[in-house]
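Here the structure is laid out as structure tokens; the discussion comes afterwards.
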Amino acid sequence: MSDAVADRPKPIVSRFDPRFEVTLYRHVGVAGSHTLPYYREHGGYEAAKRALTTSPSAVIDEVKTSGLRGRGGAGFPTGIKWSFMPPADERQRFIVCNADESEPGSFKDRYFMEDDPHQVIEGMIIAGFAIGATRGVLYVRGEYYLAYERLREAIAACHAEGILGRGVLGSSFDFDIILHRGAGAYICGEETALMNSFEGLRANPRLKPPFPAQAGVYGLPSTINNVETFASVVHIMAKGGAWYAAMGTDDSKGTKLYQVSGPVARPGVYELPMGATFRELIFDLAGGPTMPAKAFIPGGSSTPMLPWTDETLDLPMDYGSMAKAGTMLGTGGVIVIPEAKCMVDAIYNIVRFYAHESCGKCTPCREGVATWLPKMYQKLLAGLGTREDLVVMEDMVRNMRGTAFCPLADACAMPVQASFKYFRHEYEHLVDHGEPLHARRDWWSA
Amino acid sequence: MKVTVNDVEVDLAPGTSAIDAVFAAGYDVPYFCSQEYMSPVGACRMCLAKVGAPRKDRDGNWILDDETGERTIFAFPALLATCTSALSEGMVIDTLSEEVKHAQNGMIEFTLINHPLDCPVCDKGGACELQDRSYEYGSGRSRFEFTKRHQEKHHPLSDLITLDRERCIHCKRCVRYFEEVPGDEVLDFIDRGGHTYIGTVEHGLPSNFTGNITDICPVGALLDATSRFRGRNWEYDHTASVSLDDASGSAVVVDARTGRIERIKAGLHPEVNKSWIDDGIRFGHEYTADPERITRPLLRKDGELVEVPWPEAAAFVAERLKEFSGKDVGVCIRADATLEEGVAALALAEHLGTGQVDHAPRYGPTVMPPAQATLQELAVSDAIFVVGDVSEEVPAVDLRIKDALRGVTPPPLLPHGVPIADLRLKERMPRKREILCVAAPYRVDLMRHAGTVARYDVGGEETLFRGLIAIAEGGSADERVLGMTLAAAKAFVDRLRAAKKAVIVTGGFVLSSQAAADAAERFARAVGARQLVLGPMANAYGLEAIGVLPSHARYDYASMVAGGAKALLISNLDPAADPAVAERLAESRLLVVHDMFMTATARLAHVVLPAKSGFEKDGTVVNLEGRFMPVRAAPVDAGEAVDVTGLVRELGLAFGVRIEGRSVRSARRSLRKTLGTDLEELTGLGAFVALPRRRVAVSVAARPGVRGRALRVPTMVRQEYLLRNPHLLATLGGPALRLHPDDARTRALSHDDEVTVRVDGVPRRLRVYVTDAMPSGVVSVPALPDAPAGPADVDLDGIVVERRRLEVA
Ligand SMILES: Cc1cc2nc3c(=O)[nH]c(=O)nc-3n(C[C@H](O)[C@H](O)[C@H](O)COP(=O)(O)O)c2cc1C
Ligand code: SF4
Ligand code: FES
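Taken in order, these protein sequences are the chains called A and B.
The working numbering numbers the first residue of the first sequence as 1 and each following residue consecutively.
The working numbering numbers the first residue of the second sequence as 447 and each following residue consecutively.
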């Protein structure tokens, strides 16, 4: 290590680092935090004001400096995405907020919208200014009704106070937000399916290219980001990109929301700097598992699970480390799987979700994910499976990987493959004995 | 751009899709969702291949392999759908490796798990893409052991198309077709995931171009109801020919089985109809097998028409003709007769020594405009002005206009033909509506796609064009005459003038008035536009070009039947539908009728000779672009029916002379002299043959003055055969008297009432069709060969309701 590197202040990679401060979620859980007066009392819309006095390129540069990567799951660098927008012309441009949060294990965006909707709006104003979009589209998951109501109230309040509409916050920038409720389909979270759905079309993903920057909403230049991405932008503009980049690891900067579900003492959403370990999240914050665990899913149901070992628990939660471990950070939705849970049944639960949500456009997903695979699980769980069935399943899942039109089929295939990788013996036990290794039980009344 | 497919290097234009590179290289890759002339969507995932490409470093130099010094090929992490991948320089595509084979096999397996595999009873069997691909790329066994998805197997999407939802493989071709090609979004996926199925919101497919989905469906899910369960694919004789239904010269494939036409499919002609035909062409063939068809000559004996052998009928005619001096004889053929038939008719007239020879329907003005546009030119035009209802008159033109609206030039042909995946085409492309202006006296379908719409008064074509000329010359015009605002008219005239490839499309409404046709031509010249004139029938252009015309205006068809000819030989026309004409014809001394059915005229005839349909003859027609196209006979059992060349042969035998045009070959020998081209050598795509452009010196007799505000309108389906085409009849309900709801109310008429009404004095049985597409006070009736499109006199006061609509309580 060279001296220059050694001299740099140590990056913040733990919530217990005294330099760390809860930022994104600081208002969540506070009574009345969703109102405009509360938000303004706590410095709300100051970052947007600041941004509006600079230039769009300055905002984009600041975001690039921060190293922020999209929080919707794929982790694409946000500043770079924004710079993909074509040079401004007479066409309308859109900034789209993906608030369709539907991945099992993910529930971080919801509380932003319920308890801190103005933070999302402020982020959209800044992003809209940066990419030259005078219209925002906020596509909120249909089931999130409270979030929808809070957003609607917040947008109305902004209109009344000149925060949205003509001349945002007294500047010469016009910006308005169209709030749109989904009708209940996971695929609507895929960015181009979201745009189709918004336009009133079938929510099938579109062909890329053209990417949204070239042809997005109504075929017009658009940029789409996750709710948390927008929230992060507010603080990057308030405190500077360098402040943000001081947290996290080499390829993953800043602070992020992680979610823990499954049998832990305190399931919920926790804000940690990137690069903190699973151990810190699961044990130090969530209070540890309430029953013996055998695996955990690191980033939402689509990400391949990791076995419950000291090594995996000590992995830093960042994009690079997850890729190295053969999985993904996804949305940061950690799901702990207890020892006593039949893994085949657990995975069937996931498969059933994706089967229900497949849009039906492409063959491997419609026939594999939505039709054949769940039937195989039903057969296995009915005690009728054979060893050959396992071979067929593995081959079928191989045929679903990387062959489908959009990542949904992969999202279903990956957890299945991981379960075969780490827990094949549970499948084998089930087909050999007709009984699962871990018997069915009632998880809720216990 | 050089790319390598397996071991073959091909050089293709940038923007070409990888799937086309595979085919251009002579390899095969299975595909279901891609389709010529439609957007690639990447839905079936059959066309997967392993793809790699070289990369450049930061300085723009290719990254080279250290050892070999060659460009390093970086493989894409996953297999790519080749249909949606554009080529890049140096790309390497592998379609043969184990990995690719495994994936292809996997996709076939997925596609088949819910497929019923009812090939033994499926009409598509033997011509099914899924069947073929399963044999070529599948493993031949199924590992799926669960109950398959059960869905409706006989769902009538319309009266013309039946959907088997179990067979559907969700390629989305049909859904995309409707949105992309005719722009009629009438079909979509419903539900999602494994439950996804194709359907409509209401019964029926409101579009003139629905049948094409039965051609492009890769499996037996969408079937032509006229041919369902009527034959297996290997039993059909396929005859590539040209449709005689309208002036487009659309390529068709006629499928016949045991001497009977069972279905018509679209043929491929990249410059004419691409691979699309309208429903009139496709489904309008059932009349050829009508049991009432005349199959043997009939001779009147003791007042009754009785079947006789050909020589007897011909001898009778030859004998009787001797009674007349040549110029008392009239010969008229229909305007969809072939050039060869035209030659035969001319030669017969010459033999008889008469100048009373004509083709009908024929308008006074020429159908051969001086600055002629082709359909390809129309498809890339940057300003199009349409007067009339092209979607009904020549529907192929409607589709080529929509090509222009999409703004994608026709694709260049590749070694394997039309590109399988033209990446320039997209779903839901924005359409350049602003380049299209449609004017008509009532609301026509194409107006939905036009940026500028004009609704002028019935018979107002001439004043419309005069107004536009005035505007083009810097003047002004009355908005009532223009049917649009002055500003809109000015803007569009400017657009036409500024355009480099402007085209003005006119049809029967303009042709029905010499003054209007002249004004249209002047306007075209004023704005520097080319013209596309829709002739009234399939070979109006050709018959005019070779001069099947009377030697004098008073010798034209109308005059002939009005008593100008004492002996008449009429092919496929029915002038006696008009009672006044019938009265005169009843007195004619010799009436020879060549037709397929017992028309009103045939019933008066002394001799009725059986005629071939347009599917049963060989010959040549000239389409509205001036393109010579070969018509080929399908093997159909038409009894002793002949075309006009055959008729002339039989008469010649009776006369004891060899008349030119006594056979297709003999007619072609004669044509070779006039045209300098041997039509025997014409390929399926046809050819442009330089023609001596002549002005038609003879105009047709003016029709009696029009009283009401009524129109005979062109229709996609041939009205003369509609009642003998049961499937089309069921769809359309019958020939329509169209009128505005207010007019229906004042006359106490309801939609679907059956009425008899006199149109230009001819009683016609029509079905009331109430629609606000007609302006109040204007009614329309379908045009017929004997009563072509144009202003009409409809006697609404004398309307008789024959049958009230069935009221469901
Ligand atoms: C099947 C599928 C579902 C998705 N669902 C969501 C979602 O619910 N919320 C979200 O923000 N991103 C979702 N994404 C990711 C989006 O497509 C997109 O990458 C993201 O919104 C970009 O925002 P970011 O750059 O801020 O991460 C989903 C992607 C796929 C393929
Ligand atoms: S993988 Fe295919 S069927 Fe599944 S959601 Fe994506 S496009 Fe639709
Ligand atoms: S995915 Fe269907 S042809 Fe390429």
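Glycine included, C-beta positions come from ideal geometry on N, C-alpha and C.
C-alpha distance - residue i paired with residue j, whole-angstrom precision
i: S1059(B); j: L458(B); result: 45 Å
i: G974(B); j: I915(B); result: 12 Å
i: A203(A); j: G368(A); result: 19 Å
i: R91(A); j: G132(A); result: 11 Å
i: A568(B); j: G705(B); result: The sequence as given places Cys at residue 568(B); Ala does not occur at that position. If you take the alpha carbons of C568(B) and G705(B), they lie about 22 Å apart.
i: A793(B); j: L1185(B); result: 45 Å
i: D736(B); j: I707(B); result: 11 Å
i: G810(B); j: S1005(B); result: 14 Å
i: V451(B); j: I866(B); result: 16 Å
i: V813(B); j: D466(B); result: 40 Å
i: K324(A); j: D318(A); result: 10 Å
i: V1110(B); j: I1016(B); result: 20 Å
i: G801(B); j: V1007(B); result: 14 Å
i: E103(A); j: G142(A); result: 14 Å
i: P407(A); j: V1067(B); result: 54 Å
Among the options, the one whose alpha carbon lies nearest that of residue i
i: P996(B); options: A916(B), D804(B), V665(B) and T741(B); result: D804(B)
i: G1179(B); options: N1171(B), D1188(B) and S1222(B); result: N1171(B)
i: F230(A); options: A382(A), Y422(A), L138(A) and K375(A); result: L138(A)
i: A1023(B); options: E1166(B), R1115(B), L871(B) and I636(B); result: E1166(B)
i: H1173(B); options: G571(B), Q597(B), A524(B) and G657(B); result: G657(B)
i: G1244(B); options: A1238(B), R1193(B), R1250(B) and A1229(B); result: R1193(B)
i: A945(B); options: K773(B), I830(B) and L1099(B); result: I830(B)
Cut-off 7 Å between Cβ atoms - residues of its own chain near residue i, not counting five sequence neighbours on either side
i: A896(B); result: R879, L882, C883 and V884
Residue i Cβ short of 7 Å to ligand 1 heavy atom set
i: A984(B); result: no
i: T229(A); result: yes
i: R441(A); result: no
i: E555(B); result: no
i: L74(A); result: Checking the sequence, you will find Ala at residue 74(A) rather than Leu. Checking the Cβ of A74(A) against ligand 1 gives yes.
i: I95(A); result: no
i: K81(A); result: yes
i: Y480(A); result: Outside the displayed range of chain A (1 to 446) lies residue 480(A), so it cannot be described from this structure.
i: N196(A); result: no
i: D1189(B); result: no
i: R676(B); result: no
i: G70(A); result: yes
Contact test: residue i Cβ vs ligand 5 heavy atom, cutoff 7 Å
i: D318(A); result: The model depicted lacks ligand 5 and carries ligand 1, ligand 2 and ligand 3 instead.
Heavy atom of ligand 3 within 7 Å of residue i beta-carbon
i: R181(A); result: no
i: S480(B); result: yes
i: Y477(B); result: yes
i: R206(A); result: no
i: A527(B); result: yes
Proximal residues to residue i (C-beta, below 6 Å), its chain only, five neighbours per side dropped
i: C490(B); result: F478, C479 and C617
Own chain partners of residue i with C-beta closer than 8 Å, once the 5 adjacent residues on each side are dropped
i: E516(B); result: L510
Would you list, in chain order, the members of the stretch 533-555 of chain B that have their beta-carbon closer than 9 Å to a beta-carbon of chain A?
H548, A549, N551, G552, M553 and E555
Note down, in chain order, all residues in the stretch 191-203 of chain A with a beta-carbon under 7 Å from any beta-carbon belonging to chain B.
Listed in sequence order: R202.
What are the residues in the stretch 575-601 of chain B lying within 8 Å of chain A by C-beta distance?
R589, F590, F592 and R595
Under 7 Å (Cβ pairs) to chain B, residues found in the stretch 358-381 of chain A:
S358, C359, G360, K361, C362, T363, P364, R366, E367, G368, A370, T371, W372 and K375
By the 8 Å beta-carbon criterion, what residues does the stretch 641-674 of chain B contribute toward chain A?
H641 and T642
Short-range partners of chain A found in the stretch 866-887 of chain B, where Cβ spacing is below 9 Å:
K872, E873, R874, M875 and P876
Of the residues that make up the stretch 467-493 of chain B, which ones have a beta carbon closer than 7 Å to any beta carbon in chain A?
V487, G488, A489, C490 and R491
Which residues, in chain order, does the stretch 504-527 of chain B contribute to contact with chain A at a C-beta distance below 9 Å?
P523, A524, L525 and A527
Members of the stretch 1095-1109 of chain B that neighbour chain A once the beta carbon cut-off is set at 8 Å
none
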